[in-house]
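This is the structure we're talking about:
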């Protein structure tokens, strides 16, 4: 027999404790709304893995992602955000009373902000899982560049991130090899990034190639590329491999409840409203063109403010008023 879960009531529940979630919670709590933030892992999310944040305004000397997120947390707590470390197991977002369930507790809220972020996309090739993170396969150049000093590095990808981060890695590495599945000269990057990368003498492009598998004894030693034209295998001795091939949104918990894009991101309007009344989304989980700490903070500020506005509007309605129509919002959602 299943145990009955303890019920706790809040005005706003934020799911996810990265930059977007912490900011949304801060704004809601500062507006005197009883606010809970739920995070299953380390507060700050993927931002904590960045050793040097050099493009967040206000820090000319740079700051580590972990330290920046600690400051976010302290400020959120200062304004009264309640933070609990617990994985969310189930969400029921329909209706005025929304329920966010963990293993032991059912949190009821009038408004919910989805800030669940995402994770780097993997290749799914043999040997990959054995060498993730500290054993050779990385996703953050600024985090691990110093470990590549004087070494040979493989970069997988052909977009802006791959070329820009590859160029950055040449400040440390002896050589940066870039595996591109497309024909020679074809990359999916802005002209400035393309010109800089192609003109960098420390960058070597392997066109028409994909990673076939990885090899190594305890840590990554060899990346074996496959020529997409003839299937030939080309082993490369590398000390580290960086993936810049995209991002997967963490939307499984609420898929089927809010509208998602074809890529699985939450669709919102400019006010961070989703397709459901009282449900907002912010940060990397949202269908947006740029995913940075700064943009996540902007999303979070809007989402927290809009959650407060939504509650204020609901409070001003007559007790028996019908729910607000969604037709106008649906029209505003991007295709």
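In this note's numbering, the protein residues as written are 3 to 337.
Just so you know, even glycine gets a beta-carbon here, dropped at the ideal spot from N, CA and C.
Please read all numbers here as calculations on a predicted model, not as lab measurements.
Give the DSSP-derived three-state secondary structure of residue i in the structure shown.
i: residue 73; result: helix
i: residue 137; result: helix
i: residue 261; result: coil
i: residue 252; result: coil
i: residue 1; result: Since the first residue shown for the chain is 3 and the last is 337, residue 1 is missing from the structure and cannot be characterised.
i: residue 189; result: coil
i: residue 149; result: helix
i: residue 207; result: strand
i: residue 108; result: strand
i: residue 119; result: coil
i: residue 234; result: coil
i: residue 181; result: strand
i: residue 168; result: helix
i: residue 162; result: helix
i: residue 225; result: strand
i: residue 242; result: strand
i: residue 9; result: strand
i: residue 217; result: strand
i: residue 103; result: strand
i: residue 113; result: strand
Measuring straight from C-alpha to C-alpha, what distance separates residue i and residue j?
i: residue 25; j: residue 89; result: 19 angstroms
i: residue 264; j: residue 271; result: 16 angstroms
i: residue 320; j: residue 281; result: 21 angstroms
i: residue 63; j: residue 266; result: 37 angstroms
i: residue 302; j: residue 253; result: 17 angstroms
i: residue 268; j: residue 96; result: 16 angstroms
i: residue 172; j: residue 240; result: 14 angstroms
i: residue 158; j: residue 214; result: 12 angstroms
i: residue 141; j: residue 196; result: 20 angstroms
i: residue 204; j: residue 168; result: 10 angstroms
i: residue 182; j: residue 150; result: 21 angstroms
i: residue 129; j: residue 80; result: 45 angstroms
i: residue 259; j: residue 292; result: 24 angstroms
i: residue 188; j: residue 296; result: 30 angstroms
i: residue 193; j: residue 57; result: 21 angstroms
i: residue 284; j: residue 307; result: 12 angstroms
i: residue 35; j: residue 18; result: 18 angstroms
i: residue 6; j: residue 105; result: 11 angstroms
i: residue 219; j: residue 147; result: 22 angstroms
i: residue 94; j: residue 59; result: 37 angstroms
Under the assumption that residue i contacts residue j (Cβ atoms under 8 angstroms), give the Cβ distance between them as a whole number of angstroms.
i: residue 155; j: residue 61; result: Going by Cβ atoms, the distance from residue 155 to residue 61 rounds to 27 angstroms, so no, they are not a contact pair.
i: residue 164; j: residue 178; result: 10 angstroms between Cβ atoms; not a contact.
i: residue 255; j: residue 144; result: Not a contact, Cβ separation roughly 30 angstroms.
i: residue 190; j: residue 160; result: 5 angstroms
i: residue 309; j: residue 113; result: 4 angstroms
i: residue 212; j: residue 235; result: Incorrect: roughly 11 angstroms between the Cβ atoms, too far for contact.
i: residue 210; j: residue 185; result: 6 angstroms
i: residue 222; j: residue 242; result: 7 angstroms
i: residue 287; j: residue 116; result: 6 angstroms
i: residue 92; j: residue 84; result: Contact flag wrong, Cβ pair sits at about 20 angstroms.
i: residue 175; j: residue 153; result: 6 angstroms
i: residue 21; j: residue 298; result: 4 angstroms
Requested in this report: Spell out a yes or no on whether the segment 9–17 and the segment 101–115 are touching, meaning 3 or more CB-CB pairs, one atom from each, closer than 8 angstroms.
Outcome: yes
**Report entry** contact_flag[the segment 36–53, the segment 61–79] where n(CB pairs < 8 angstroms) is 3 or more
**Finding:** yes
**Report entry** alpha helix (DSSP H) runs wholly inside the segment 25–93, at least 4 long, in chain order
**Finding:** 67–80
Query raised in the report: Using 8 angstroms as the threshold, is the segment 124–141 in touch with the segment 26–40, meaning 3 or more CB pairs across them?
Result: no
Query raised in the report: Where in the segment 269–328 do unbroken runs of the beta strand (DSSP E), each at least 3 residues long, occur, reported from the N-terminal end onward?
Result: 281–283
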